[in-house]
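Report on one structure; see the data block that follows.
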Amino acid sequence: MLLIIQTALELGMIYSLVALSLFISYSILNICDLSTDGCYTLGCAVGSVVAISGHPLLALPAAMGAGVCSGFVVAILQTYFGVESILAGIIVNTGLYTINLAVMGFSSNISLFGSDTIYDLFKKIAPDSAFWNEWSTLILLALLLLAVCLLIYWFLGTRLGLSIRATGDSPAMVRASSINPSFTVIVGLCISNALTGLAGCLIGQFNGSSDINLGTGMVTVALASLIIGEMFFHKGKMPMRILGVVVGSIVYRLVMSLALRLNVPTEAFKLVSAVIVAIALMLPQIRSMAALHRQKRRQMSMTWTKEDKGGDRNA
Amino acid sequence: MLELHGITKTFNPGTVNEKRALNGVELLMNDGDFATIIGSNGAGKSTMFNCIAGSFYPDTGCVLMDGMDITFVPEHRRAVYIGRLFQDPLMGTAPHMTIEENLAIAYLRASRHEHAIFSRISKKEKQQFREWLSMLNMGLEDRMSSPVGLLSGGQRQALTLLMATVVTPKVLLLDEHTAALDPTTAAKVLELTRQIVAERKITCLMVTHNMHQALEMGNRTLMMDDGRIVYDIAGKEREGMTVEDLLEKFAGRTGEDFDNDRILLSTEQNK
Numbered sequence: 600m601l602l603i604i605q606t607a608l609e610l611g612m613i614y615s616l617v618a619l620s621l622f623i624s625y626s627i628l629n630i631c632d633l634s635t636d637g638c639y640t641l642g643c644a645v646g647s648v649v650a651i652s653g654h655p656l657l658a659l660p661a662a663m664g665a666g667v668c669s670g671f672v673v674a675i676l677q678t679y680f681g682v683e684s685i686l687a688g689i690i691v692n693t694g695l696y697t698i699n700l701a702v703m704g705f706s707s708n709i710s711l712f713g714s715d716t717i718y719d720l721f722k723k724i725a726p727d728s729a730f731w732n733e734w735s736t737l738i739l740l741a742l743l744l745l746a747v748c749l750l751i752y753w754f755l756g757t758r759l760g761l762s763i764r765a766t767g768d769s770p771a772m773v774r775a776s777s778i779n780p781s782f783t784v785i786v787g788l789c790i791s792n793a794l795t796g797l798a799g800c801l802i803g804q805f806n807g808s809s810d811i812n813l814g815t816g817m818v819t820v821a822l823a824s825l826i827i828g829e830m831f832f833h834k835g836k837m838p839m840r841i842l843g844v845v846v847g848s849i850v851y852r853l854v855m856s857l858a859l860r861l862n863v864p865t866e867a868f869k870l871v872s873a874v875i876v877a878i879a880l881m882l883p884q885i886r887s888m889a890a891l892h893r894q895k896r897r898q899m900s901m902t903w904t905k906e907d908k909g910g911d912r913n914a
Numbered sequence: 004m005l006e007l008h009g010i011t012k013t014f015n016p017g018t019v020n021e022k023r024a025l026n027g028v029e030l031l032m033n034d035g036d037f038a039t040i041i042g043s044n045g046a047g048k049s050t051m052f053n054c055i056a057g058s059f060y061p062d063t064g065c066v067l068m069d070g071m072d073i074t075f076v077p078e079h080r081r082a083v084y085i086g087r088l089f090q091d092p093l094m095g096t097a098p099h100m101t102i103e104e105n106l107a108i109a110y111l112r113a114s115r116h117e118h119a120i121f122s123r124i125s126k127k128e129k130q131q132f133r134e135w136l137s138m139l140n141m142g143l144e145d146r147m148s149s150p151v152g153l154l155s156g157g158q159r160q161a162l163t164l165l166m167a168t169v170v171t172p173k174v175l176l177l178d179e180h181t182a183a184l185d186p187t188t189a190a191k192v193l194e195l196t197r198q199i200v201a202e203r204k205i206t207c208l209m210v211t212h213n214m215h216q217a218l219e220m221g222n223r224t225l226m227m228d229d230g231r232i233v234y235d236i237a238g239k240e241r242e243g244m245t246v247e248d249l250l251e252k253f254a255g256r257t258g259e260d261f262d263n264d265r266i267l268l269s270t271e272q273n274k
């Protein structure tokens, strides 16, 4: 059981990077960036190739760089060339499939077997300690995630970060403040996709392999995590919202591992994620419908009681 | 100094919906001029503002600012020296961000250094924002970290006015900026406008549907009709003018009566 929780935590932390990526594009910039699936695989492919031929540590910036490039293309398409933002993401996502194959030398999967990963390197710091052997991966991921969260928090407080936040909130106001909204969208999407690439790289080294279909449905999974997170910390300050995304992602993973333990087949996960996201996105509408229904019933019953009283008096 | 020469703009050219919105606009605004603009719906007031602010580019003609041709300068670049307020109080501010953050973004126009984009809001700036907010007399200085979405329309419009003028613009465009507010708040925002424009000697253009305002505010009144400025009065001629005279002028100039209910209503309300 402990092992399951540990794995769920580790995976949750990696996936929370993708959720943070969507937090920037979806929640802050108000853009549906659907290139996440391809970008995640791209990060994994680039990270794995660099880890095999170069150094596992070098894989991190390389994967992030690849993510930046992918995000840049998505952003350029929708800002300067006026492609609908959802379509821009889908187009890039499709194109990335071929690019990912090319990165992996036109094979659908590569194995990291025999080459070091960052987790191996970190483990080697104290190879004799049993505790370290068991927990080093989790500690490394937690440290990485903490650094990323702090960086995001710091960045969103800078003037550029504020401008990016304002772009999703009121583009007219951004233009009026002499900032080019196209520029802020580009920066935002580059950062967002760098995080996705990083997550892909970390999962690749974590699994010890890279697969062309790794990213399929990733955007829904990340959206589910993001929505779970925002349910916990809906209208908090920025640090709380960032924390919420991480917590949401970990909760999602825990729920998934619990399901796995209850012998739910792995194949069902995508459907479950899709249902979670669909329900969460439906919630506001359902709530207002329920409120309207209650209001109608209340007014009806009030009319009824008035008439009853009137009837009594007459009798 | 702001100059418009021979500006034309046609929407949907070559279709049944073709609409000639601007039809050769000529305008010269001297520094410190405060002109009010009247005209019925579709006269081209907002289109002219859009051309000055750069929301879209004119088909022909040019816009000059201090002698420099800015006809095709993108909107966000012009925002450094052109401030603008819309009728909708929701347009000029970011609702999910705090008052302080909104002001900080508006204040970006002051610093054009490359390294400034990674700087944070400093204590000194917070103090400065506080002072500016207290000038509005709306108690906003004590709510600096609450989201702008919680403010009333009037408060948001006052904040937008402050944001448009934190860095003194060369030209301020006011597009019926008090029309969506209740009378008391509108009067307050108008008073603030008058005060700020006078103090900083900002060149200002204000669209209004209120004839009294049109004669009372500023030093010039422009009348627009059918995509042109048909009437431009200032100085002595303007001082002796009454609302009735203005309405008459309009009828005489365009050969038709004011058929705009809003204008008639607002003149009657203020009699």
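Taken in order, these protein sequences are the chains called A and B.
Each residue of the first sequence is one higher than the one before, starting from 600 at the first, in our numbering.
Each residue of the second sequence is one higher than the one before, starting from 4 at the first, in our numbering.
Each residue gets a CB set at the ideal place from its N, CA and C atoms; glycine is no exception.
Quick caveat: nothing in here was measured; it's all calculated off a predicted structure.
So the alpha helix (DSSP H) R758 (chain A) belongs to, where does it begin and stop?
Run containing R758 (chain A): R758 to D768, per the alpha helix (DSSP H) assignment.
Considering only residues of the region 82-161 of chain B, which uninterrupted beta strand (DSSP E) runs meet the minimum length of 3 residues and lie entirely inside it, listed in chain order?
If we require 3 residues or more, the beta strand (DSSP E) runs fully inside the region 82-161 of chain B come out as 85-88.
8 Å is my cut-off, CB to CB: does D719 (chain A) come that close to chain B?
Chain B, which has no Cβ nearer than 8 Å to the Cβ of D719 (chain A), makes this no.
Between the beta-carbon of Y110 (chain B) and the beta-carbon of V170 (chain B), is there less than 8 Å?
Result yes, Cβ atoms of Y110 (chain B) and V170 (chain B) sit closer than 8 Å.
In this structure, does DSSP put T819 (chain A) in helix, strand or coil?
The answer is helix: DSSP assigns T819 (chain A) an H, G or I state.
Tell me the DSSP secondary structure of I236 (chain B) in three-state form.
Of the three classes helix, strand and coil, the one that applies to I236 (chain B) here is strand, per DSSP.
Is F712 (chain A) helix, strand or coil by DSSP?
In the structure shown, F712 (chain A) sits in coil (DSSP, three-state: anything other than H, G, I, E or B).
Anyone know if the C-beta pair for E78 (chain B) and R774 (chain A) falls short of 8 Å?
Yes, Cβ-Cβ distance for E78 (chain B) and R774 (chain A) is below 8 Å.
On the DSSP bridge assignment, give the partners of T11 (chain B) in chain order.
Beta-bridge pairing links T11 (chain B) to B:N26 and B:T63.
Go ahead and pull the three-state DSSP assignment for L842 (chain A).
Here L842 (chain A) sits in helix by DSSP.
Would you say M166 (chain B) and L106 (chain B) are within 8 Å of each other, going by their C-beta atoms?
The answer is yes: Cβ separation under 8 Å.
List the residues of chain B that G787 (chain A) touches, going by C-beta distances under 9 Å, in chain order.
Under the 9 Å cutoff, chain B gives no residues; its nearest Cβ is about 13 Å from G787 (chain A).
Note down the Cα distance separating G221 (chain B) from S149 (chain B), rounded to an integer number of angstroms.
Roughly 35 Å separates the two Cα atoms.
Closest by CA to M227 (chain B), which one among B:R23, B:V19 and B:I40?
Measuring from the Cα of M227 (chain B), the nearest candidate turns out to be B:I40.
Between which two residues does the beta strand (DSSP E) carrying M226 (chain B) extend?
Note, M226 (chain B): beta strand (DSSP E), R223 to D228.
Three or more beta-carbon pairs under 8 Å between the region 628-641 of chain A and the region 680-698 of chain A, yes or no?
Verdict: yes, contact present.
So, for V83 (chain B): in the same chain, excluding its five sequence neighbours on each side, which residues have a beta-carbon less than 7 Å away from its beta-carbon?
So the qualifying residues of the chain are R112.
By Cβ distance, which residues of its chain are closer than 8 Å to Q804 (chain A), with the 5 residues on each side in sequence left out?
Same-chain partners within the cutoff: G646, S647, A650, P655, A658, L711, T716, I717 and Y718.
Within its chain, find whatever has a CB closer than 6 Å to the CB of S735 (chain A); leave out the 5 residues flanking it on each side and keep chain order.
Hits under 6 Å: F721 and K722.
Does N913 (chain A) come within less than 8 Å of chain B when only Cβ atoms are used?
Low confidence applies here, because N913 (chain A) scores a pLDDT of 49, under 50, leaving its location unreliable and the question unanswered by this model.
On a Cα-Cα basis, can you pick out the residue from A:Y614, A:I604, A:A665 and A:L742 that is closest to V845 (chain A)?
Answer by Cα proximity: A:Y614.
Determine the burial state of K126 (chain B): buried for a count of at least 16 other Cβ atoms within 10 Å of its Cβ, exposed for fewer.
Exposed, because fewer than 16 other Cβ atoms sit within 10 Å of the Cβ of K126 (chain B).
If you measure between the beta carbons of C207 (chain B) and F52 (chain B), is that distance less than 8 Å?
Contact: no.
When the cut-off is 8 Å and only beta carbons count, does T678 (chain A) lie next to chain B?
It does not; no Cβ of chain B falls within 8 Å.
Using CA atoms only, rank isn't needed, just tell me which of B:E242, B:V233 and B:K239 is closest to F253 (chain B).
Out of B:E242, B:V233 and B:K239, B:V233 has the C-alpha closest to the C-alpha of F253 (chain B).
Is A109 (chain B) close to chain A? Criterion is C-beta to C-beta, closer than 8 Å.
Chain A, which has a Cβ nearer than 8 Å to the Cβ of A109 (chain B), makes this yes.
Which residues in the same chain as K48 (chain B) place their Cβ atom closer than 6 Å to its Cβ, once the five residues preceding and following it in sequence are excluded?
Same-chain partners within the cutoff: I40, G42, V210 and M227.
Kindly list, in the order they appear in chain A, the residues whose Cβ is closer than 8 Å to that of A167 (chain B).
Residues of chain A passing the Cβ test: A775.
Taking only beta-carbon atoms, is L759 (chain A) less than 8 Å away from chain B?
For L759 (chain A), the answer is yes, since a Cβ of chain B falls inside 8 Å of its Cβ.
Would you decide whether Q158 (chain B) is buried or exposed? Buried here means 16 or more other CB atoms lie within 10 Å of its CB.
The residue in question, Q158 (chain B), is buried, as its Cβ has 16 or more Cβ neighbours within 10 Å.
Excluding the 5 residues flanking K22 (chain B) on each side, which residues of the same chain have their C-beta closer than 6 Å to its C-beta?
So the qualifying residues of the chain are F14.
CB-CB under 6 Å to A873 (chain A), same chain, minus the five flanking residues each way: which ones, in chain order?
Closer than 6 Å at the Cβ level, and outside the excluded window around A873 (chain A), lie T819.
Using beta-carbon positions only, say whether A183 (chain B) and D248 (chain B) come within less than 8 Å of one another.
Not a contact, by the Cβ cut-off of 8 Å.
Can you pull the DSSP bridge partners for I41 (chain B)?
DSSP, once it has assigned bridges, lists B:M226 as partnering I41 (chain B).
So, does the region 792-807 of chain A touch the region 638-645 of chain A, judging by three or more C-beta pairs under 8 Å?
The region 792-807 of chain A, when compared against the region 638-645 of chain A, does touch it at the 8 Å Cβ threshold.
Please confirm whether I85 (chain B) and P172 (chain B) have their CB atoms less than 8 Å apart.
In this structure, P172 (chain B) lies closer than 8 Å to I85 (chain B) by Cβ.
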